[in-house]
Amino acid sequence: MKLTNEGLQAKEAWKQKGYTLPAFDRDAMLKETAQNPTWVHFGAGNIFRVFPAALQQHLLNQKITKTGIIVGEGFDYEIIDKVYDKHDNLTLMVTLKSDGSIDKEVIASVAYAYKCDPQFAKEWEFFQQAFRNPSLQMVSFTITEKGYSLRAGNGEFYPAMVADLANG
């Protein structure tokens with residue numbers, strides 16, 4: 003079993019291992035999100051994957067919405083390369099319950115995941131197009147402790163902070 007679009011084709015293998023799979027047409031969701039984006043989120047880490055993305059998945063499963071989430075990462079680009087790209091924007095949500103049981107769900111509500119920085123021209127243009135689209139309804143952020151970190155262990159500002167201060 004591989005956490006990829008192709009790997010999810012073996013639905014019975016996933017179900018036999020106790021995974022809950024998406025109950026919506028992912029290809030249709032991707033197409034609808036590209037044409038009519040409704041939600042852009044910044045911050046592609048764990049909190050996003052198990053809260054906003056899981057909530058959107060439940061809305062998609064219930065056919066309350068047709069679009070997924072476009073997520074942008076502006077701090078830790080490895081998340082995009084090593085988590086999202088490698089797994090076709092699919093993630094796992096594993097919940098250990100108080101009775102010791104475990105819920106396992108494949109989260110497939112992330113339509114597009116890109117580095118959000120002007121140095122990545124193609125991705126930057128994708129975000130600009132999403133923001134120009136009148137269908138966009140919501141922009142959200144997840145900011146964890148890393149987002150508040152201004153100084154390195156030696157007390158000096160991080161290079162990114164120095165650049166931000168210099169450029170306004």
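Those letters in the sequence shown? Residues 3 to 170, per my numbering, in order. Just so it is clear, CB atoms sit at the ideal spot from N, CA and C, and this is done for glycine as well.
Item	Value
Enclosing alpha helix (DSSP H) for Met163 [first to last residue]	Pro161 to Asn169
The beta strand (DSSP E) enclosing Asp105, as first and last residue numbers	Ile104 to Ile109
Between the CA atoms of Glu125 and Tyr116 - distance to the nearest angstrom	6 Å
Range of the contiguous alpha helix (DSSP H) that encloses Val52	Asn48 to Val52
Identity of the residue in Thr144, Pro24, Phe50 and Phe53 nearest Lys65 by Cα	Pro24
Gly76 - DSSP class collapsed to helix/strand/coil	coil
Endpoints, the alpha helix (DSSP H) within which Phe128 is located	Ala123 to Arg134
Simplified DSSP state of Thr93, which is helix, strand or coil	strand
Contacting residues, own chain, Cβ-Cβ under 6 Å from Asn91 (five flanking each side not counted)	Val112 and Ala115
Whole-angstrom distance between Ala55 and Asn7, CA atom to CA atom	17 Å
As assigned by DSSP and simplified to three states, the class of Ile145	coil
Start and end residues, beta strand (DSSP E) containing Ala115	Val112 to Lys117
Buried versus exposed, by CB contacts within 10 Å (16 or more), Phe143	exposed
Cβ-Cβ distance between Trp41 and Thr22 below 8 Å	no
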